[in-house]
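Participant:
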Amino acid sequence: MKKLSILLFFSLLATVAVAQQKALYSQYMSNYYLLNPAVAGYSKNLNFKMGYRNQWVGFEGAPSTIYLSGEGALFQNSRSRKRRGRGTQAFHGAGGHLYKDATGPTSRTGIMASYAYHVPLSNTVFLSSGLSAGVQQYLFDENKIHLADNSNDLDPVTSGGSQRVFKPDLNVGTYLHASEFYVGVSLFQALGNKLFKFDDTAVPSRLAQHWFISGGYNLAVDKNFTLAPSVLLKYVNPAPLQADINLKGIYTFNNRRKTEYDDQFWAGVSYRTKDAVVALMGLQFMEQYQFSYSYDITVSPIRHYSSGSHEIMFGFRVK
0 MKKLSILLFF SLLATVAVAQ QKALYSQYMS NYYLLNPAVA GYSKNLNFKM GYRNQWVGFE
60 GAPSTIYLSG EGALFQNSRS RKRRGRGTQA FHGAGGHLYK DATGPTSRTG IMASYAYHVP
120 LSNTVFLSSG LSAGVQQYLF DENKIHLADN SNDLDPVTSG GSQRVFKPDL NVGTYLHASE
180 FYVGVSLFQA LGNKLFKFDD TAVPSRLAQH WFISGGYNLA VDKNFTLAPS VLLKYVNPAP
240 LQADINLKGI YTFNNRRKTE YDDQFWAGVS YRTKDAVVAL MGLQFMEQYQ FSYSYDITVS
300 PIRHYSSGSH EIMFGFRVK
């Protein structure tokens, strides 16, 4: 059993090294800023989000992620928004993101700052471009790897000891958005920096470039109910393309014209190819507060050793 656990663990590490250097999120539909710096400021509000993800519960050394983000439009206030309207003038957005992501003996801690510029294509449609720059710390802790039961022996491959490196990081993106739809493309870890090298003959690991392509549409069924299908494509060379296919139903608790501030409840389902089926739910209340939760039902071979994944997000909006 121990040998099997070791094999599974290193298979997990190989998967993470290639396809999941960036944290995996199921709640990104509640915070697209995590996947595209061009989103910063899109709603012209100041939005703060805090989230935690516990992946593959029951599997020792499985990924866990915690983050805090904030983004909003610059030089905007409620009076200027009412005077100018939504789609009559270009505007600037800015944001920031703190995170820590851990998987087995490796952890990644980073801080990023973002800027975006939004140009109106019509009264309701905007095209934005953005970038985020910062630094991330990568830590490899050799002491968290052991080869046998009740053994303190360390893996000779990693016998060079624990390593800690700091690397600059850069993400870029573009985002086409309106109240009814959005399309976005972004590239994360654009610099592709080298990381660890355990001995003189080893090939150094790198920060792999991650591509994200997203799109979605809000379909009003009636004055209270909206369907929101969306898709997210993720690609990291040489891993195969992965897709998230999502469907949300949003119920608004008023009989007036819908606005982004309405109290609402939503629930949905997502399928992540070769990985999980996800159940999602969320609530927006008192015009400013948000809460959402998701549970991943793992469909990959890891399902035999895990009871799924949990993710939670809290949000606060300043109008």
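The sequence shown begins at 0 in the working numbering and counts up by one.
For each residue, glycine too, the CB sits at the ideal point set by N, CA and C.
Treat the numbers as computed from the prediction; the structure is a model and nothing was measured.
So what's I311 in DSSP terms, helix, strand or just coil?
Facilitator: Strand at I311.
Participant: Per DSSP, T322 is paired with what?
Facilitator: Residue 322 falls outside the range modelled here, since the chain spans only 0 to 318, and no answer is possible.
Participant: Nearest by alpha-carbon distance to T64: which of Q75, M49, G71 is it?
Facilitator: It is M49.
Participant: In this structure, does DSSP put I144 in helix, strand or coil?
Facilitator: Here I144 sits in coil by DSSP.
Participant: Does the segment 50-60 come close enough to the segment 297-309 to have 3 or more Cβ pairs within less than 8 angstroms?
Facilitator: Output reads yes: the segment 297-309 touches the segment 50-60.
Participant: Quick one: is Q88 buried, meaning 16 or more other Cβ sit within 10 Å of its Cβ, or exposed?
Facilitator: By the 10 Å Cβ count, Q88 comes out exposed.
Participant: Under 6 angstroms Cβ to Cβ from Q75, same chain only, skipping five residues before and after it: list those, please.
Facilitator: Only K43 meet the Cβ criterion.
Participant: When the Cα atoms are used, what is the spatial distance from D221 to T123?
Facilitator: Those two C-alpha atoms are separated by around 21 angstroms.
Participant: If G69 sits next to G95, beta carbons under 8 angstroms apart, how far is it from one beta carbon to the other, in whole angstroms?
Facilitator: Going by Cβ atoms, the distance from G69 to G95 rounds to 6 angstroms, so yes, they are a contact pair.
Participant: Which residue's Cα is closest to the Cα of F313: V182, Q287, N170, V118?
Facilitator: Minimum Cα distance to F313 is reached at Q287.
Participant: Could you give the distance in angstroms between the alpha-carbon of K21 and the alpha-carbon of F264?
Facilitator: Roughly 29 angstroms separates the two Cα atoms.
Participant: DSSP beta-bridge partners for V213?
Facilitator: According to the sequence displayed, residue 213 carries Ser and not Val. G183, L231.
Participant: Have a look at S229, N236, F252 and flag the residue whose alpha-carbon is nearest the alpha-carbon of S29.
Facilitator: If we check each option's Cα against that of S29, S229 comes out closest.
Participant: Here's a check: name, in chain order, each residue in its chain whose Cβ is nearer than 6 angstroms to the Cβ of V38, leaving out the five neighbours to either side.
Facilitator: So the list reads Y31, Y32, Y174, once near-sequence residues are dropped.
Participant: Could you give the distance in angstroms between the alpha-carbon of G284 and the alpha-carbon of E141?
Facilitator: Residue 284 is actually Phe in this sequence, not Gly. Rounded to the nearest angstrom, the two C-alpha atoms are 46 angstroms apart.
Participant: Is the beta carbon of N101 less than 8 angstroms from the beta carbon of P36?
Facilitator: As written in the sequence, residue 101 is Ala, which differs from the Asn given in the question. No, Cβ-Cβ distance for A101 and P36 is not below 8 angstroms.
Participant: Buried or exposed, going by whether 16 or more other CB atoms sit within 10 Å of the CB of G191?
Facilitator: By the neighbour-count rule (16 or more Cβ atoms within 10 Å), G191 is not buried but exposed.
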